[in-house]
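**Q** Okay, here's the structure, questions in a sec.
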Amino acid sequence: MKKRRILSSIVVGLSLFAFTVMTAPAVQAAYPEPDKVIEFLHHSSPGGGAGLFVLTCADLLNKTGIVKTKIQVQTRQGGSSAVALNYLHSKAGDPYVVMMWTTAQLNALNRGTTRMKIEDVTWLTTTVEDGNVMIVPFKSPYKNAKELIADAKTTPKKVSVGINSIGGSEHIMAARIERVAGLKFNITAFEFSPTQLIGGHIDMAFGNTAETSSHVKAKRARVLANMGETRVPYYKDVPTLIEQGTNAAFTQFRGFFGAPNFPPEAVKFWEDAFAKLVKTKEFAEFVKKSDYVVSYKTAAATKAFIQGYNAELIKDAKYIEENK
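In this note's numbering, the protein residues as written are 19 to 342.
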């Protein structure tokens, strides 16, 4: 009898244990799971500023051990970043797809031509300021920005300008010069405009230090102006456009965002990961080489910053739409 009671107790105990196991909520794996692959997405050619930035960030995050899960860089070109944004939108709720944001993405969202809307974006971080310069072929007759702008005023569309994407940073810079100086450029979008410049197909282009320094060193191009409100360190002897009498300026920022419904724990992970990355000596070396300025912001700070920055881009987008 006693044995039966003991056996019965064991059976009941095991049944209760099995019931508890079956009905208990599954323990969520820590993000990011080591056997997953994280996709770092961008919209442009691999050799351009955006491609180099994303590739380097991914490489350093893995090499420094800040992110142990493998990061794979993917480019989805087309539609002035619309292709990449629509792909990201299709990954709603997926924390394993992270995209770089800069001017091109903001303006694509502002134009309303993508399935992704700006209110859908999950902001993760701002990382750097990426200053730009105005460049011309080395044998160009223009010796400074003042001369180029004065000549452009004589005949509409006399000066040809290359941009990398419609609504991107180069387009914004050209548009701001047009608005302030009262002129019209002949603007054409190429996959990578500095290549067209050194090939002699256009009169002027824009680019950051990473995109322009090798051409300048090799005397294939010359820099006429810094495009920000202040001079970038690498081209510290070149005056800004404002210093040369044209009150137009633009500073590009680079950061990362995710799709709609990006999980909060993943947002926190990337905030922390990029906060650590920008403090590493490896990133400091990359920043110096690329002439970036570290401008780290959390997800919340990025979202707040974007409101004012994007308000100016909306004005630019309206101008571009009205003058295309």
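Cβ coordinates follow ideal geometry from the N, Cα and C atoms, glycine included.
Compute the beta-carbon to beta-carbon distance between residue 51 and residue 90, rounded to the nearest angstrom, for a pair I have assumed lies under 8 Å.
**A** 15 Å between Cβ atoms; not a contact.
**Q** For residue 76, which residues of its own chain have a beta-carbon under 7 Å away from its beta-carbon, when the five flanking residues on both sides are left out?
**A** So the qualifying residues of the chain are 58, 89 and 91.
**Q** Compute the distance between the beta-carbons of residue 338 and residue 219, then report whether it is under 8 Å.
**A** Contact: no.
**Q** Given a threshold of 16 other Cβ atoms within 10 Å of its Cβ, counted over all protein chains shown, does residue 177 qualify as buried or as exposed?
**A** Residue 177 comes out buried.
**Q** In the DSSP output, what is residue 225 paired with across the bridge?
**A** According to DSSP, residue 225 bridges with 151.
**Q** Let me know if residue 185 comes out buried or exposed under the rule of 16 or more other beta-carbons within 10 Å of its beta-carbon.
**A** The residue is buried, with at least 16 neighbouring Cβ atoms inside 10 Å.
**Q** Could you check whether residue 243 and residue 258 sit closer than 8 Å to each other, using their CB atoms as the reference points?
**A** The answer is yes: Cβ separation under 8 Å.
**Q** Who are the Cβ neighbours of residue 208 in its own chain at under 6 Å, not counting the five residues just before and after it?
**A** Hits under 6 Å: 180 and 214.
**Q** What is the rounded straight-line gap between the Cα of residue 124 and the Cα of residue 205?
**A** Residue 124 and residue 205: Cα-Cα distance of roughly 20 Å.
**Q** Who does residue 310 pair with in a DSSP beta bridge?
**A** DSSP lists 148 as partners of residue 310.
**Q** Take residue 275 as the anchor and find which of 142, 55 and 197 has the nearest alpha-carbon.
**A** Ranking the options by Cα distance to residue 275, first place goes to 142.
**Q** Counting along the chain, where does the alpha helix (DSSP H) carrying residue 256 start and finish?
**A** Element bounds for residue 256: n/a, residue is neither H nor E.
**Q** Quick one: which unbroken beta strand (DSSP E) runs of 3-plus residues sit fully inside the stretch 35 to 118? Chain order, please.
**A** The qualifying runs are 55 to 60 and 88 to 93.
**Q** Starting from the Cα of residue 137, find the closest Cα among 295, 105 and 279 and give me that residue.
**A** Considering only alpha carbons, the answer is 279.
**Q** So, residue 230 versus residue 251, is the Cβ gap smaller than 8 Å?
**A** Going by C-beta atoms, residue 230 is not nearer than 8 Å to residue 251.
**Q** Considering only residues of the same chain and omitting the five flanking positions on each side of residue 44, which have a CB-CB separation below 7 Å?
**A** For residue 44, the predicted model reports a pLDDT of 36, less than 50, meaning its position is unreliable; a value from the coordinates is still stated below. Cβ within range, chain order: n/a, list empty.
**Q** Expressed to the nearest angstrom, what Euclidean distance is found between the alpha-carbon atoms of residue 41 and residue 284?
**A** Unreliable placement is indicated for residue 41, whose pLDDT of 39 sits below 50; no coordinate value is reported for it.
**Q** In this structure, how does DSSP classify residue 181 when only helix, strand and coil are distinguished?
**A** In this structure, residue 181 counts as strand in the three-state DSSP scheme.
**Q** Which residues share a DSSP beta bridge with residue 140?
**A** Looking at the DSSP assignment, residue 140 forms a beta bridge with 276.
**Q** So residue 201 and residue 171 are supposed to be a Cβ contact under 8 Å. How far apart are they, rounded?
**A** Going by Cβ atoms, the distance from residue 201 to residue 171 rounds to 5 Å, so yes, they are a contact pair.
**Q** Comparing alpha-carbon positions, which option in 270, 112, 265 and 342 lies nearest residue 224?
**A** Looking at the Cα atoms, 270 is the closest of the given residues.
**Q** Going by DSSP in three states, residue 240 sits in which element: helix, strand or coil?
**A** Residue 240 falls in the strand class under three-state DSSP.
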